[in-house]
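In our numbering, the protein residues as written are 7 to 627.
Cβ coordinates follow ideal geometry from the N, Cα and C atoms, glycine included.
These numbers come from a predicted model, not from an experiment.
Working notes, beginning with the structure itself.
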Amino acid sequence: MNNQSFERLPGMRWTALGSVLCAVLVFVTACATGMSTPSPAAMMSALSDLPLTPPDPDPRIGLAAGSGPLGSGAGEASWNLNLVSNTPPPDEFVGVTNSDLGFTGDYAIQGNYNGYVIWDISDPTDPTLETSYVCPASQSDVSIYKNLLFVSGEGLGGRVDCGTGGVPDTVSLDRLRGIRIFDATDIRNPEYVANVQTCRGSHTHTVVTDPNDTENVYIYVSGSSRVRSPNELPGCSGGPLEDDPNTALFRIEVIQIPLAAPQDARIVSSPRIFNDLTAPPRHAEPDQEARRAAAGRGGRGGRSGGPPRQRTGPTQCHDITVYPGIGFAGGACGGYGLLLDISDVANPRRLYAAADSNFSFWHSATFNNDGTKVLFTDEWGGGGQPRCRATDKYEWGADAIFSINDGELDFHSYFKMPAAQTELENCVAHNGSLIPIPGRDVMVQGWYQGGINVSTGPILIIHMRSLSLIADLQTVRAEVVVVHGPVYWYNGYMVSSEIARGLDIFELTPSAHISQNEIDAAKTVRFEYFNAQEQPKMVWPPSFALARSYLDQLERSSGLDADRIMSVRRGLAEAEGLSGQQRSDALGELVSDLRGAVRGSTDPRKVRMFLGAVMDLGATR
């Protein structure tokens, strides 16, 4: 994302909504897929006669609510996006909250407070149930590395034996709070092989691969619940750090899992990445500001009651996104956004902490592909608040974009998806991921009932769905509507864990903001597996779609004049019709003809990217 990412669209109503970008994947290898022979239209503009502005009137206003636990009959509205399929959960998971997603091969693994579900998504239009595993615990976030499947457990009712009866005792050795480990070599029959207990459980977790350690994989555990009794897990204590140097507060846990012996997984460090942080600035509704200020002075307003009370900073992270390719992690840690050095994977250390009075709850982070910027999301109210109303500040429940400079975070801008929503509709930023559009920073993210959106610069692609009221959705208060949780790009499609109604799969449609060439080039980036909290470096294999993507971007930005662009399109189409040395010669001639245009272009960097793509094509046999 560039410094202008997520600016408001000219002439568009910004009445309220939000959009979270959180792109993270496992550090994996990308490979090429073949592209079909282009039609004669390849020589024409890829951007003409495509929609530029959102529909007016906004079709999202007044969508009908659904009924029942699966929201039957709910209204839908979308723009530049197709809903390919919606698959309801198996019976034993209906009415129970869906959580995060992990991917491997043709499979999507969907966490649920009742366990997890494995879907075969080889046909995105018709996902099929591969298996389901009942093993209750909140919130059962999932990730996968090779044959190992990891599941988070934090609530007091999760059992070591995956039983459904809960744990009624205050202290019990039957309670699971930590990480469950499964051997998923047989994807239809995962085997529960181990667990690692932690003092605060695992609300979320992050798989981290160490390029210098091929025998182990690591997990960063973010636990946000209260500290358990030492009678339940020896060594646990929850005192202030100044009184108790061994407190389970103010730290994360690092688990090492031997790939050849996952049953030997253990905690190898507990980095105190929150040390010395003071309480961050906070915001509130206008009528709460005076009361909060008064409370901070020890009074009830009007006159001072003494010096402000000292409050400590955060004691845990909600989520950590790692980018091993650049050696950084972004920690979304309640009141702060942290930049971490993970060059020593087992011992991450804090480089910088950013606070923002407009942020209520730092929820997740996403780096751009170059690793020069990071986006943090604000999940105001734990996702149960309506923060996309016309009366809400643009900065509330939104995204904040920072550049990374010499190990520090520099704030640039906010972004919140525009929509007209009511006080009955929960809408704040949630999880998402990068979409591999070459040469641009494009992300998809969820906004609960705000739907999902795709954003970069002036692009906004939206799908929104209304949902029936749910009486009791565990972490979300009663009488709140919920919908799209995390949504991630995986091998050509966007897959969303719809919090109540199962699995949604979307596809992009061409528009003036994203061309068919850009979509085709994105589909050439393939992952063997993907976890949203470990971000890989995306690399595009040579293809004509890649070259045309850069050309479309030059047309969109007027980086080259129209006649030059048309001439280059014609040359590309002619070269694609050739093969062998003839194709290489034609592409080489195209490069020679265009080299002189770099200096005169208003976007010389993009011209050089186009030339590089064409030269790579010419070198491909």
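Could you check whether residue j and residue i sit closer than 7 Å to each other, using their CB atoms as the reference points?
i, j, result
"C205", "A271", "no"
"L440", "A359", "no"
"V233", "I225", "no"
"G333", "K543", "no"
"N432", "P492", "no"
"V380", "F408", "yes"
"G577", "K612", "no"
"V274", "A335", "no"
"Y535", "I150", "yes"
"Y342", "P277", "no"
"R507", "L135", "no"
"M615", "G413", "no"
"F109", "Y496", "yes"
"G229", "H211", "no"
"G403", "Y329", "no"
"L415", "L345", "yes"
"F512", "L89", "yes"
Would you kindly work out how many angstroms separate the C-alpha atoms of residue i and residue j, rounded to a whole number?
i, j, result
"P95", "T137", "11 Å"
"N153", "D189", "6 Å"
"V597", "T515", "30 Å"
"P236", "R181", "13 Å"
"S144", "L357", "31 Å"
"G24", "G387", "Residue placement at G24 is flagged as unreliable, the pLDDT there being 29, under the threshold of 50; a coordinate-derived value is accordingly withheld."
"Q262", "V223", "6 Å"
"G340", "G241", "25 Å"
"G624", "A568", "24 Å"
"N155", "V148", "Before going further, note that residue 155 is Leu rather than Asn in the sequence given. Straight-line Cα distance between these residues: approximately 7 Å."
"S590", "L87", "36 Å"
"G618", "P548", "10 Å"
"E595", "Q588", "11 Å"
"G586", "V574", "20 Å"
"T327", "A538", "8 Å"
"R4", "A80", "Nothing can be reported for residue 4, as the shown portion of the chain is limited to 7 through 627."
"V157", "I185", "6 Å"
"G602", "I443", "26 Å"
"V173", "G207", "15 Å"
"V518", "L58", "It is worth fixing the name first, because residue 518 is Ala in this sequence and not Val. So the two alpha carbons sit approximately 5 Å from each other."
"D293", "G456", "Caution is warranted here: a pLDDT of 44 is assigned to D293, below 50, making its placement in the model unreliable, and the coordinate value is therefore given only provisionally. Looking at the two C-alpha atoms, the distance is approximately 26 Å."
"S607", "G117", "49 Å"
"P251", "S243", "10 Å"
"T462", "V450", "9 Å"
"S78", "A71", "9 Å"
"T372", "V531", "18 Å"
"V100", "S349", "42 Å"
"G501", "P65", "The amino acid at residue 501 is misidentified as Gly; the sequence shows Val. The straight-line gap from Cα to Cα measures roughly 23 Å."
"R627", "I520", "29 Å"
Just grab the DSSP bridge partners of residue i for me.
i, result
"A80", "Answer is none; A80 lacks a bridge partner."
"M621", "M621 pairs with nothing; no bridge assigned."
"A406", "F382 and Y420"
"W125", "A114 and L135"
"S158", "I185"
"E513", "N88"
"W495", "M500"
"T327", "G336"
"R355", "D347"
"W453", "Paired residue(s): none; W453 is not in a bridge."
Measuring CA to CA, which of the options is closest to residue i?
i, options, result
"L179", "T191, L239 and S84", "L239"
"E401", "M423, Y499 and G413", "M423"
"I124", "D192, S158, D64 and S78", "D192"
"Y122", "P130, T110 and P142", "P142"
"I505", "D362, G172 and Y119", "Y119"
"A553", "E540, E513, M621 and M572", "M621"
"E160", "N281, S146 and Q116", "S146"
"F280", "S243, Q269, E197 and G337", "G337"
"Y556", "I525, G583 and Q541", "I525"
"Y406", "D412, D362 and G390", "Residue identity check: residue 406 is Ala in the sequence provided, not Tyr. The shortest C-alpha separation from A406 is found at D362."
"T215", "T318, P354 and V166", "P354"
"S563", "V531, V604, D609 and F533", "D609"
"P61", "P196, G163, Q269 and A425", "A425"
"A581", "M572, F550 and D558", "F550"
"V102", "V140, G111, N201 and F533", "V140"
"A267", "R317, G390, V199 and E248", "V199"
"L265", "E248, D175 and E221", "E221"
"I67", "S366, T428, S128 and F533", "T428"
Can you round the beta-carbon distance between residue i and residue j to whole angstroms, since I take them to be within the 8 Å contact cut?
i, j, result
"V368", "H324", "Sequence inspection shows Trp at residue 368; the Val mentioned does not correspond to that position. 7 Å between Cβ atoms; contact."
"P130", "S84", "With 8 Å as the limit, P130 and S84 do not qualify as a contact, their Cβ atoms being about 16 Å apart."
"V448", "V434", "Not really, about 21 Å apart at Cβ, beyond 8 Å."
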